[in-house]
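**Q** One structure, pasted below without further comment.
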Amino acid sequence: MRRGERPVLTPSMVGQYIKGIMEQDGILSGVMIRGEISNYKRHSTGHHYFTMKDSDGAINCVMFRSDAASLRFQPQNGMQVIASGRVTVFVKSGQYQLYCNHLTPEGAGDLHVAFEQLKEKLQREGLFDPQHKKPLPMFPKRIALVTSPVGAAVQDMLRILGARWPMSQVRVVPVRVQGENAAAEIADAIRWCNWQNAADLIITGRGGGSMEDLWAFNEEMVARAIYQSEIPVISAVGHEPDFTIADFVADVRAATPSNAAELAVPDQNEIYSDLLHRQKRLEGAIGRRLEQNRKNLERLARSKALTDPTYYFQNKHLLLDYQSTRLSNAMEKTVSVCRHRLAALAASLDAMSPLKVLGRGYSIAKTEEGKVLSSTDDVTVGERISLRLADGVLDCRVTDKNKE
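Just remember that our numbering sits 1209 ahead of the position in the sequence shown, which is counted from 1.
Listed below in structure tokens is the structure:
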């Protein structure tokens, strides 16, 4: 290369030169950019790639896995965000891009967006379905408190549980309820209670605080541990206005930890009063039944069956005599009717008897074979016949026959 001539550079040399200039720029090394996410993609390595754009321009962005681990929400196309990081050149492609180290939804905090995203996701999966919620035991024998072992919340629950229903065995399962790994400890404690069958009822929660303080109960792993629990779970997080994902998944949501203790067990004083009331009602019912039975016994003692035992049999004897007389009269009447009917039938039969006809001077002529003669053609002259009269039989011979 001759003196005075410009050096010939390679593309990578140009890229490195521009990169050096940009990284020395104070604005570009710590810039905040507002725009709309598009072309969002999460790589299998855990890195996030997307484009931020407005109406007049666009810039490629990358967020490495180490920075993305702090994301509370899931970036989506079309979401308005504010990204902070450094702008420099990616020498390999010759393009400038934003290396993002922090990403926040515009107009709403990242925690609020993360809360709504997870809530929508779990609701679609059915984790909030009322049909999956289990009823609380009426008289739990063992209660597990998955919470911090220190603080006012656990003391309030222990005090109320002891005052309302001291028969329950209460066990504190200590966990962190705030900060790093708090969600994992809560989820593991709920699973441990199920694995060990350590309780009939689980209460998990903590006292009030900011959304950041309560965030452990908005983690997906806690929600799934509550959903998978075979033991009923009461969620008691923060104050009454506070709502967490755990509240939606739990079998029962309590407004406060103190309210959770009230929901978990009955009040022994109310139970005692109810038992007294039921005892009085039972005593009254038994007394009324005894009085009614006493009156029935007195009435029976005055009855004829006990005062005059023969009275019952006398009445039955009278009834038997009465029925016997009726039966005898009915039989005599029936026999009389049958006798008259028989006489009438006998008279009719006698009137139709051939002997009656013979008695009036008629006779019956028969051949020697016993055939009744009804015509002169039935015999021949000289043939022997018999004549049946009323008082006997005549043997005759036919000497002649005439046809009339």
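Quick reminder that beta carbons are idealized off the backbone N, C-alpha and C, glycines included.
Going along the chain, which residues of its own chain have a beta-carbon closer than 7 Å to the beta-carbon of ASN1310, five neighbours each way excluded?
**A** For ASN1310, where only same-chain residues beyond five positions count, the Cβ hits under 7 Å are ASP1276, SER1293 and GLY1294.
**Q** With a 10 Å radius around its C-beta and 16 neighbouring C-beta atoms as the bar for buried, classify PRO1441 as buried or exposed.
**A** So PRO1441 ends up on the buried side.
**Q** Specify the secondary structure class of ASN1615 as computed by DSSP and reduced to three states.
**A** Any property of residue 1615 remains undetermined from this structure, which presents the chain solely from 1210 to 1613.
**Q** What is the C-beta distance between ALA1362 and GLY1416, in whole angstroms, given that I count them as a contact (C-beta under 8 Å)?
**A** That belief holds up - the Cβ atoms of ALA1362 and GLY1416 are roughly 4 Å apart, short of 8 Å.
**Q** Which of the three DSSP states is assigned to HIS1257 in this structure?
**A** Of the three classes helix, strand and coil, the one that applies to HIS1257 here is strand, per DSSP.
**Q** Within the continuous alpha helix (DSSP H) that includes GLY1496, where are the two ends?
**A** Start and end: 1477-1510.
**Q** Start and end of the alpha helix (DSSP H) containing GLN1364?
**A** Per DSSP, GLN1364 belongs to the alpha helix (DSSP H) from 1361-1373.
**Q** What span of residues does the alpha helix (DSSP H) with PHE1457 cover, start to end?
**A** PHE1457 -> alpha helix (DSSP H) spans 1454-1458.
**Q** When you compare each of GLY1447, GLU1315 and GLU1394 to GLY1418 by their alpha carbons, which one comes out closest?
**A** The residue with the shortest Cα to Cα distance from GLY1418 is GLY1447.
**Q** Would ILE1352 pass as a contact of ALA1408 if the rule is Cβ separation under 8 Å?
**A** Yes.
**Q** Pop quiz: ASP1460 and LEU1327 are said to be a contact at Cβ under 8 Å. What is the actual Cβ separation, rounded to whole angstroms?
**A** About 19 Å separates the two Cβ atoms, so there is no contact after all.
**Q** My output table needs one value for TYR1305: the three-state DSSP class, helix, strand or coil.
**A** Here TYR1305 sits in strand by DSSP.
**Q** Going by other Cβ atoms of all chains shown within 10 Å of its Cβ, with 16 needed for buried, is HIS1341 buried or exposed?
**A** When all chains shown are included, HIS1341 counts as exposed.
**Q** Go ahead and pull the three-state DSSP assignment for LYS1580.
**A** LYS1580: coil per DSSP, three-state reduction.
**Q** What number of angstroms, rounded off, separates the C-alpha of ILE1242 from the C-alpha of GLY1255?
**A** Whole-angstrom Cα-Cα distance: 22 Å.
**Q** Do LEU1472 and ILE1435 have their CB atoms nearer than 8 Å?
**A** Going by C-beta atoms, LEU1472 is not nearer than 8 Å to ILE1435.
**Q** What does DSSP give as the partner residue(s) for ASN1269 in the beta ladder?
**A** According to DSSP, ASN1269 bridges with THR1260 and GLN1306.
**Q** If we require 3 or more residues per run, which beta strand (DSSP E) segments fall completely within the segment 1580-1612?
**A** As far as the segment 1580-1612 is concerned, its whole beta strand (DSSP E) runs of at least 3 residues are 1593-1597 and 1602-1606.
**Q** Which value, in whole angstroms, describes the spacing of the CA atoms of THR1260 and ILE1227?
**A** Looking at the two C-alpha atoms, the distance is approximately 21 Å.
**Q** Can you tell me the Cβ-Cβ gap for CYS1402 and ILE1411, rounded? I've got them flagged as a contact below 8 Å.
**A** With a Cβ gap of about 6 Å, CYS1402 and ILE1411 count as contacting.
**Q** Taking three-plus beta-carbon pairs below 8 Å as touching, is the segment 1426-1433 in contact with the segment 1451-1459?
**A** Contact holds: three or more Cβ-Cβ distances are below 8 Å.
**Q** In or out: TRP1374 buried (at least 16 other Cβ within 10 Å) or exposed?
**A** The residue is buried, with at least 16 neighbouring Cβ atoms inside 10 Å.
**Q** Report back the beta-carbon spacing between VAL1581 and ILE1573 to the nearest angstrom; my notes put them in contact at under 8 Å.
**A** Going by Cβ atoms, the distance from VAL1581 to ILE1573 rounds to 6 Å, so yes, they are a contact pair.
**Q** In angstroms, rounded to a whole number, what distance separates the CA positions of ASP1476 and MET1366?
**A** C-alpha separation (whole angstroms): 14 Å.
**Q** Check each candidate in CYS1270, LYS1301 and LEU1423 and name the one with the smallest Cα separation from PRO1220.
**A** For the residues CYS1270, LYS1301 and LEU1423, the minimum Cα distance to PRO1220 belongs to LYS1301.
**Q** In the DSSP assignment, what residue or residues form a beta bridge with GLY1287?
**A** Per DSSP, none; premise fails for GLY1287.
**Q** Assuming contact is defined by CB atoms lying nearer than 8 Å, are GLN1289 and GLU1315 in contact in what I supplied?
**A** Yes, the Cβ-Cβ distance between GLN1289 and GLU1315 is below 8 Å.
**Q** Span of the alpha helix (DSSP H) holding PRO1518?
**A** That run of the alpha helix (DSSP H) goes 1518-1560.
**Q** Is the beta carbon of LEU1312 less than 8 Å from the beta carbon of PRO1284?
**A** The answer is yes: Cβ separation under 8 Å.
**Q** Can you tell me where the alpha helix (DSSP H) with ILE1230 in it begins and where it stops?
**A** Per DSSP, ILE1230 belongs to the alpha helix (DSSP H) from 1220-1233.
**Q** Could you check what DSSP says for HIS1448 in three-state terms: helix, strand or coil?
**A** The answer is coil: DSSP assigns HIS1448 none of H, G, I, E or B.
**Q** What's the call for MET1272, buried or exposed, on a 16-neighbour Cβ count within 10 Å?
**A** Label assigned to MET1272: buried.
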